[in-house]
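Accompanying notes for the structure given below.
4 protein chains.
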Amino acid sequence: MGNPMAKNLMKHGYPLIIYDVFPDACKEFQEAGEQVVSSPADVAEKADRIITMLPTSINAVEAYSGANGILKKVKKGSLLIDSSTIDPSVSKELAKEVEKMGAVFMDAPVSGGVGAARSGNLTFMVGGVEEEFAAAQELLGCMGSNVVYCGAVGTGQAAKICNNMLLAISMIGTAEAMNLGIRLGLDPKLLAKILNMSSGRCWSSDTYNPVPGVMDGVPSANNYQGGFGTTLMAKDLGLAQDSATSTKSPILLGSLAHQIYRIMCAKGYSTKDFSAVFQFLREEENF
Amino acid sequence: MGNPMAKNLMKHGYPLIIYDVFPDACKEFQEAGEQVVSSPADVAEKADRIITMLPTSINAVEAYSGANGILKKVKKGSLLIDSSTIDPSVSKELAKEVEKMGAVFMDAPVSGGVGAARSGNLTFMVGGVEEEFAAAQELLGCMGSNVVYCGAVGTGQAAKICNNMLLAISMIGTAEAMNLGIRLGLDPKLLAKILNMSSGRCWSSDTYNPVPGVMDGVPSANNYQGGFGTTLMAKDLGLAQDSATSTKSPILLGSLAHQIYRIMCAKGYSTKDFSAVFQFLREEENF
Amino acid sequence: MGNPMAKNLMKHGYPLIIYDVFPDACKEFQEAGEQVVSSPADVAEKADRIITMLPTSINAVEAYSGANGILKKVKKGSLLIDSSTIDPSVSKELAKEVEKMGAVFMDAPVSGGVGAARSGNLTFMVGGVEEEFAAAQELLGCMGSNVVYCGAVGTGQAAKICNNMLLAISMIGTAEAMNLGIRLGLDPKLLAKILNMSSGRCWSSDTYNPVPGVMDGVPSANNYQGGFGTTLMAKDLGLAQDSATSTKSPILLGSLAHQIYRIMCAKGYSTKDFSAVFQFLREEENF
Amino acid sequence: MGNPMAKNLMKHGYPLIIYDVFPDACKEFQEAGEQVVSSPADVAEKADRIITMLPTSINAVEAYSGANGILKKVKKGSLLIDSSTIDPSVSKELAKEVEKMGAVFMDAPVSGGVGAARSGNLTFMVGGVEEEFAAAQELLGCMGSNVVYCGAVGTGQAAKICNNMLLAISMIGTAEAMNLGIRLGLDPKLLAKILNMSSGRCWSSDTYNPVPGVMDGVPSANNYQGGFGTTLMAKDLGLAQDSATSTKSPILLGSLAHQIYRIMCAKGYSTKDFSAVFQFLREEENF
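Below, the structure is given as structure tokens:
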């Protein structure tokens, strides 16, 4: 994700100072004349606006608070934007540490996938001090068509995981309803049409239908390749679960959705799009 | 429901022959000059197009196959339309018995509630022989703005219960996501706006939001009065459950949604709108 | 199941009159000199104590109320004992019809499997009029070591499905707890020992442990062969589900257990012992 | 819990050095001639065998790694035993820090409640270096009748949370099965008897039955007072959930059990015994 995001910043004329744990990932930028450095600390020494994009909470903590992390050399007044999807409570922790150094931290997770990253159409959900939002928006607007202010630090993450939890629930629900309807004799296209003009309508039924043959241009039309992987959905549901446990919020369907994607990861669906839950439920009993 | 439906038929100039187990329910029509008779069999003796609207499978079986049921005196070639929401396998059974008598049976459950029944804006989901659909549509079109042909007998019921199962799942999912987001510090209106422009969007989030203060004119804005009662949702989920069990279709979230509405019925929510699941989940732990 | 049960009656000196839809199943008895007849009605004509053993509610209804069913020729005062595991409400229906004919019906489902049937060690859970229990016990005692009176007609079935629902729940729970513990670094045998001396102890942990290597002589020690098949457990959970829906009893874990066994049936576990849920959950995610 | 545990150490002749965040809790010991100090660090300065008992992971981290924590003044070679029930990954973290100081850490969570603590009948599940187990056992044996070695650091916690997860599942399952059976017409005592001689048997059905009137001397016989509170069960299930998420272990029933106890905490059951789930499920629908 970091690669296409960085390219869009370049296109908008921003000079870049780049670090990636995999040096190969930086070559392209070096050849294009951008600076490549050897640690997050080095980035912080040279830049006063930094965007981080990391796979897990642990990686994010390392990039900020690690031995060669940003906080080792961060300049006062710097704006640090983390676009990773991580636990909101970790975002809050990082914000506290950043604040101690006289800098500003905002969480700005994205939705939209690699395609949207390339075309500059990501959605950013931004949490942090409101006065700094305009500054963040200037940068994020180069990479996304939608930059939404969500509130205090951590609320960007909160918005993202709440959305994805509801997405997982309605996707599984759509798969269950479509499968049940088909077994009861309904034509899948017709059933989708009925749901979409009724109260069962949802993004998973009308824009990203999980049943092969119902829509074109979606992963279900392409053997569930591409899209948003089951592993990534399981990860986001794990974050929703952790947040729900720590705030004592009941998430009955959210918990079960988490477990279903967990099971799917172990049954060979980890790299398939998360709409493959239809395929998972579809298999017939043998008798 | 039968009352406003019958009135719309009257408005369109159809003479009525009416029966209801509660004689008081017929008075209004008698005073308006319509015929009131004393059993379903009597209706069948005089009419060759009959619409039934009953609360449960058992009532429907009684109205058709009971001692004074329609089948005792049904005329050959009659068109019998059942608008009850019942088990699709019961609709199929009734269709078989009706066919033996040389008449035609269609299942045509409605969505839309009493308000839509009054204004003639119901949606009918119709299952039965395709050649008879035009005849059914002529009548049902007087009472509904949407008459959808779904396929063979029973598929009207199937479409209805699949839609309502997905509705229940996405409503509970919306309630869980909104509640979790609020506890994580998000403003409810803002969170709803974010969901509605993202992949979590569903009818329950954008048209019927369960969180008080987010939308006007929905049950959540009126202490969950009116709308679609929790008891009725629990009933429809029971039908989905039965159909899923008999067709061996896995409905993990659908089953759990069923149990949640079951529990809510026992905790004082039975007459509240089904979006009150937000209130059910919202209550704080005492500590 | 019917075969070894019948043999135990023979051993105790009872003459048999036998019917099975598969004539081959009767050969053995014919060769042994027992009478074989060609319909349930024929059995009823000749015998006044009849035991039925059938796979589903539909088969049981056919055997009693079908065109050549027992009720066509049942003699007044006959004792009819149904050992099938079926919906308790169907047992009650059958009992009513039998009573109209002046005969007595009792439901007496078994637990214990083919092994127990052979050795005469089945458990019978008996529902029906208490005064007739002694008569039933005389016969059932030839086939089972445990004949328990449960109450009115249908309570035999009720006891069976309640037990099996709790069994399914505690088996899945044991599998989840053992799997989690192993992943957290515990030795399976040690964990089983700890559970079995603590409050997590259950039949599934101390007598029928689902983890290979923990116990000898159980299906988990033999690649989950033999024992009580996943398909049969799914069937019994379907009966529990139906009974819970019709009595409006919340079964949150019971419903989910049902769905899990449903999914397992579709994933190649249908003929394995139901303790194979450990294997189903055990598979690792690939990454 | 700390209070009765400390008293049992006194009874065995061990001199105590005591710290509690609530000074009042120490008075009793001061009057009895024991030393009371003003921080965990002060304990560590004077004692080389330390037992900690704290309510949450956060409290445990504070007691060890906080500004006045044990690690500030711990002596080389000290044996530190933590009897708190906390996240096993936190136990492992603490163990690492302790090891760096040249001391030994063991996790030793208990089961058994205040009653068992008073009578010295706790069960300790101990994780840590095996060579130190004998030393730990000497102390823990004064407070518990059962001291079980579970393996490496963290496995004590793992054993505890696996047991309690299975306990929660089988308790809810027992409540569901008993409630369903009662609604199907079975006598509760008889149903319990049948389960207990069958494969549904578990500690929750045979030793701690949740249905009032079935057993004496258990919380269900005393309006669910005493015993193991619903809040505590919800806490332990939260730990199981966290461990399952971080190890990617599917816990379908465990997750749902967690959510059920979460909901119960919000519905007025937080201080009742966890067997009150029967009461929670028992309430009838009003119609």
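Residue numbers (this note's numbering), protein chains in the order written: chain A, 1 to 287; chain B, 288 to 574; chain C, 575 to 861; chain D, 862 to 1148.
Backbone N, C-alpha and C fix where the C-beta goes; we use that ideal spot for every residue, glycine too.
As assigned by DSSP and simplified to three states, the class of C:T748: The answer is helix: DSSP assigns C:T748 an H, G or I state.
Nearest candidate by alpha-carbon position, reference C:A637, set C:S829, C:E671 and C:Q609: When each option's Cα is compared against that of C:A637, the closest is C:E671.
Contacting positions in the segment 267-283 of chain A - beta carbon closer than 9 Å to chain F: Of the protein chains in this structure, namely A, B, C and D, none is chain F.
First through last residue of the beta strand (DSSP E) which encompasses D:L1047: Note, D:L1047: premise wrong, no beta strand (DSSP E); not H, not E.
Proximal chain D residues relative to A:T247, where beta-carbon distance stays under 9 Å: For A:T247, no chain D residue has a Cβ inside 9 Å of its Cβ, as the nearest lies near 11 Å away.
Classification of D:K1050 by the beta-carbon crowding that lies within 10 angstroms, buried from 16 upward: With fewer than 16 other Cβ atoms from the protein chains shown falling within 10 Å of its own Cβ, D:K1050 counts as exposed.
Cβ shell of D:P1080 (< 7 Å), same chain only, five flanking positions each side left out: Sequence-distant partners of D:P1080 (beyond 5 residues in either direction) whose C-beta falls short of 7 Å from its own C-beta, in its chain, are Q1086, G1087, G1088, D1134 and S1136.
Among D:E889, D:T1132 and D:D948, nearest to D:P916 - alpha-carbon criterion: The residue with the shortest Cα to Cα distance from D:P916 is D:D948.
Contacts that B:I538 makes with chain A (C-beta to C-beta distance below 7 Å): Listed by position along chain A, the residues whose Cβ is nearer than 7 Å to that of B:I538 are E176 and L180.
Touching by the beta-carbon criterion (3+ pairs, under 8 Å), the segment 455-462 of chain B and the segment 190-197 of chain A: As far as the Cβ criterion goes, the segment 455-462 of chain B does not touch the segment 190-197 of chain A, which means the pair count is below three.
Residue from C:Y843, C:T821 and C:A669 whose Cα sits closest to the Cα of D:L1142: If we check each option's Cα against that of D:L1142, C:T821 comes out closest.
Sequence-distant residues of the same chain with beta carbon closer than 6 Å to C:N753, five excluded per side: Excluding sequence neighbours, C:N753 sits near L855 and R856.
Members of the segment 350-375 of chain B near chain A, C-beta cut-off 7 Å: Cβ contacts with chain A come from P375.
Alpha helix (DSSP H) segments (min. 4 residues) lying fully within the segment 468-513 of chain B: With a minimum length of 4 residues, the unbroken runs of alpha helix (DSSP H) contained wholly in the segment 468-513 of chain B fall at 475-483 and 490-493.
Buried versus exposed, by CB contacts within 10 Å (16 or more), A:I58: When all chains shown are included, A:I58 counts as exposed.
Nearest-angstrom Cβ-Cβ length linking C:T659 and D:L1047, presumed shorter than 8 Å: With 8 Å as the limit, C:T659 and D:L1047 do not qualify as a contact, their Cβ atoms being about 16 Å apart.
Touching by the beta-carbon criterion (3+ pairs, under 8 Å), the segment 444-451 of chain B and the segment 313-327 of chain B: Touching, no, given that fewer than three Cβ pairs across the two stretches are closer than 8 Å.
Rounded distance between the beta-carbons of D:G981 and D:G1005, thought under 8 Å: D:G981 and D:G1005 do touch by the CB rule: their CB atoms are close to 7 Å apart, below 8 Å.
Endpoints, the beta strand (DSSP E) within which A:Y149 is located: Taken as a continuous stretch (DSSP letters only), the beta strand (DSSP E) holding A:Y149 covers G144 to G151.
Inter-residue Cα distance where the pair is D:N1147 and C:S817: Unreliable positioning characterises D:N1147 in this predicted model, as indicated by a pLDDT of 49, which lies under 50. The coordinate reading is nonetheless provided below. If I take the Cα positions, the gap works out to 19 Å.
Contact set between B:A527 and chain A, taken where Cβ atoms lie within less than 8 Å: Correct list: L180.
C-alpha gap between C:I625 and C:D656, whole angstroms: Going from the Cα of C:I625 to the Cα of C:D656 covers about 6 Å.
Chain D within 9 Å of A:C162, Cβ atoms only: Closer than 9 Å to the CB of A:C162 there is not a single CB belonging to chain D.
Closer than 9 Å to chain C by CB, D:M967: By this cut-off, D:M967 is not an interface position.
Residue environment, C:A677, which counts as buried when at least 16 other CB atoms sit within 10 Å: By the neighbour-count rule (16 or more Cβ atoms within 10 Å), C:A677 is buried.
Close beta carbons around C:L653, own chain, < 6 Å, minus the five adjacent residues each side: Counting only Cβ-Cβ distances below 6 Å, and skipping sequence neighbours, we find R623, V678 and A709.
Chain-ordered chain B contacts of A:D187 [CB-CB under 7 Å]: What A:D187 touches in chain B: G438.
Start and end residues, beta strand (DSSP E) containing C:L654: Segment L653 to D656, the beta strand (DSSP E) holding C:L654.
Contact under 9 Å by Cβ, B:G415 with B:A445: In this structure, B:A445 does not lie closer than 9 Å to B:G415 by Cβ.
Reference A:K267, options D:P1111, D:C1126 and D:G1129, closest by Cα: The residue with the shortest Cα to Cα distance from A:K267 is D:P1111.
Interface partners of A:M165 on chain B, CB under 9 Å: Chain B residues near A:M165: G460, E463, A464, L467 and G487.
Neighbour flag for D:I1124 against chain B, beta carbons, 9 Å: True, the Cβ-Cβ gap to chain B drops below 9 Å.
Reference C:K650; option with closest CA among C:I837, C:K674 and C:K666: Comparing Cα positions, the closest option is C:K674.
Buried versus exposed call for B:L296 [16 or more other C-beta atoms within 10 Å across all chains shown]: Under a 10 Å Cβ-count criterion, B:L296 is classified as buried, with 16 or more other Cβ atoms of the shown protein chains found around its own Cβ.
Near-chain B residues of the segment 111-136 of chain A - C-beta to any C-beta below 9 Å: For the segment 111-136 of chain A, the set of positions with a beta-carbon nearer than 9 Å to some beta-carbon of chain B reads S111, T123, M125 and G127 in chain order.
Supposed close pair A:V148, A:T123 - CB separation, criterion 8 Å: Confirmed, Cβ separation roughly 7 Å.
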